[in-house]
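These notes concern the structure reproduced below.
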Amino acid sequence: MRNLTIIPCFNEEKRLKKERFKEFIGGSEGIDFLFVNDGSLDNTLDGLLEIKKEHPNRVEVLDLKKNGGKGEAIRQGMLNSVDLGYDYIGYFDADLATPLDEIPRLLGYTERTLPPFIVMGSRIKLLGSTNIQRKLRRHYIGRVFATIVSNMLQLPIYDTQCGAKLIHNEIISTVFKEPFSSKWLFDVELLFRLRNSYLDFESRIVEVPLKNWKDVAGSKIGLTYFLKAPFDLLKIYFKYK
Ligand SMILES: Nc1nc2c(ncn2[C@@H]2O[C@H](COP(=O)(O)OP(=O)(O)O)[C@@H](O)[C@H]2O)c(=O)[nH]1
Ligand SMILES: [Mg+2]
């Protein structure tokens, strides 16, 4: 199996853990990386090129000159890589809120007779078996939001917004074809598109509780977005329902 992980990066000069990426790439096989620099105004690009220099065959850098937002950066990365023969193309956040060793763990869930279209990480606090450190405010807002989304999709999904997902190559051209209408809720749109395109979609989504996840300071979602999110969500609902 060959897999690619896309890391969207916007002004990540300070948060990017270059050494951790280099170490992980050196110690793993079959997982390549595509860093998408999304019109960063700082020196993110140099950091990304430094990682590429150490592992030139395993790392690509896509340098978008104009900032288009996380969903659009991932979409560009997906469309650029869909013909490269990867089995799964995933995305993880640059701040490594989800640690890199969750990639091979999530990949373990792809080995089924009917391979899943999406394997998604889920932030569930479970005593003694997971270590999820989320800010209380984000946790509450996130839980209310995720429950509403789950009801809208009529799917028993626990956590649509976690930034750790693997997507089967077969569905990429379909679900990433059109630009997303919302900057931060593209994960929700992705699930709606999947639902509207594949009859057996429900049996092809696997949600996996992450072992480790922690909030990393420096989030780029402004507080005010939480006020705007419900309107974005309604827009998505009426667009795809
Ligand atoms: N491409 C792109 N990525 C972004 C943008 N804003 C944030 N990101 C990336 O999205 C990921 C998560 O961002 P973060 O600010 O930590 O959001 P949070 O953890 O959901 O609060 C990181 O990889 C960021 O670099 C943006 O405008 N464009
Ligand atoms: Mg973050």
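Going left to right, the sequence shown walks through residues 995 to 1235 as this note's numbering numbers them.
Ideal Cβ placement from N, Cα and C applies to all residues, glycine included.
None of these values were measured; they are calculated from a predicted model.
Contacting residues, own chain, Cβ-Cβ under 7 Å from Glu1048 (five flanking each side not counted): Along the sequence shown, read from residue 1 onward, the residue named residue 1048 stands at position 54. Closer than 7 Å at Cβ, skipping near neighbours: Lys1016.
Any chance you could list the alpha helix (DSSP H) runs of at least 4 consecutive residues sitting entirely within the region 995-1053, in chain order? Runs found: 1012-1021, 1038-1048.
Buried or exposed: Glu1006, going by 16 or more other Cβ atoms within 10 Å of its Cβ? To locate residue 1006, count along the sequence shown from 1; it is residue 12. Per the 10 Å Cβ criterion, buried.
Any heavy atom of ligand 2 nearer than 6 Å to the CB - residues listed: Asp1087, Asp1089, Ala1091, Val1210, Ser1213
With distances taken between CB atoms, is the gap from Arg1117 to Pro1002 smaller than 9 Å? In the sequence shown, the residue the question calls residue 1117 occupies position 123. In the sequence shown, the residue the question calls residue 1002 occupies position 8. For Arg1117 and Pro1002, no; Cβs fall outside 9 Å.
Under three-state DSSP, which class holds Lys1208? In the sequence shown, the residue the question calls residue 1208 occupies position 214. DSSP places Lys1208 in strand when its eight states are reduced to three.
Proximity of Val1169 and Leu1188 at Cβ, strictly below 9 Å: The residue you call residue 1169 lines up with position 175 of the sequence shown. The residue you call residue 1188 lines up with position 194 of the sequence shown. With contacts defined by Cβ atoms closer than 9 Å, Val1169 and Leu1188 form a contacting pair.
Quick one: what's got a C-beta closer than 6 Å to Phe1195's C-beta in the same chain, skipping five residues either side? Taking the sequence shown and counting its residues from 1, one reaches residue 1195 at position 201. Cβ neighbours of Phe1195 beyond the five flanking positions: Leu1188, Arg1189.
Among Trp1178, Arg1106, Lys1235, Thr1154, which residue has its Cα nearest to the Cα of Arg1198? Within the sequence shown, numbered from 1, the residue matching residue 1198 stands at position 204. For Arg1198, the nearest C-alpha among the options comes from Arg1106.
What whole-angstrom Cβ distance do Tyr1082 and Asn1031 have, given they're in contact under 8 Å? Numbered from 1 along the sequence shown, position 88 holds the residue referred to as residue 1082. Numbered from 1 along the sequence shown, position 37 holds the residue referred to as residue 1031. Not a contact, Cβ separation roughly 22 Å.
Reference Lys1064, options Arg1099, Lys1046, Tyr1085, closest by Cα: For the purposes of this step, residue 1064 is identified with residue 70 of the sequence shown, where counting begins at 1. For the residues Arg1099, Lys1046, Tyr1085, the minimum Cα distance to Lys1064 belongs to Tyr1085.
Ignore the nearest five residues each way along the sequence and tell me which others in Tyr1080's own chain have a CB closer than 8 Å to its CB. Sequence index remark: in the sequence shown, residue 1080 carries index 86 (1-based). Excluding residues within five positions, the ones whose Cβ falls inside 8 Å are Arg996, Asn997, Leu998, Asp1026, Asn1163.
Is Asp1153 buried or exposed, if buried means 16 or more other CB atoms sit within 10 Å of its CB? Residue numbering aside, residue 1153 sits at position 159 when the sequence shown is read from its first letter. Taking every protein chain shown into account, the CB of Asp1153 has 16 or more other CB atoms within 10 angstroms, so this residue is buried.
Contact between the region 1088-1102 and the region 1056-1075: three or more CB pairs below 8 Å? no
Tell me whether Ala1140, by its Cβ, gets closer than 8 Å to a heavy atom of ligand 1. Numbered from 1 along the sequence shown, position 146 holds the residue referred to as residue 1140. Ala1140 has its Cβ no nearer than 8 Å to any heavy atom of ligand 1.
Distance, Cα to Cα, Thr1104 vs Trp1207? Locating residue 1104 in the sequence shown gives position 110, where the first residue counts as 1. Locating residue 1207 in the sequence shown gives position 213, where the first residue counts as 1. When rounded, the distance between both Cα atoms is 21 Å.
If I follow the unbroken alpha helix (DSSP H) through Tyr1082, where does it start and stop? For the purposes of this step, residue 1082 is identified with residue 88 of the sequence shown, where counting begins at 1. No alpha helix (DSSP H) contains Tyr1082, which is instead part of the beta strand (DSSP E) from 1082-1085.
Taking Leu1042 as the reference, which of Phe1029, Thr1124, Gly1115 has the closest Cα? Translated into the one-based positions of the sequence shown, residue 1042 becomes position 48. It is Phe1029 whose Cα lies nearest to the Cα of Leu1042.
Taking the CB atoms as reference points, tell me whether Val1182 and Pro1110 lie closer together than 9 Å. Residue numbering aside, residue 1182 sits at position 188 when the sequence shown is read from its first letter. Residue numbering aside, residue 1110 sits at position 116 when the sequence shown is read from its first letter. No.
Would you mind listing the alpha helix (DSSP H) stretches within the region 1121-1198 that are 4+ residues and don't spill past its ends, in chain order? 1130-1147, 1163-1169, 1180-1191
By DSSP's criteria, Val1200 is part of a beta bridge. Which residues make up the other side? Start at 1 with the first residue of the sequence shown, and residue 1200 comes out as number 206. Its beta-bridge partners are Val1113.
Can you give me the C-alpha to C-alpha distance between Val1055 and Asp1036, rounded to a whole angstrom? Along the sequence shown, read from residue 1 onward, the residue named residue 1055 stands at position 61. Along the sequence shown, read from residue 1 onward, the residue named residue 1036 stands at position 42. When rounded, the distance between both Cα atoms is 16 Å.
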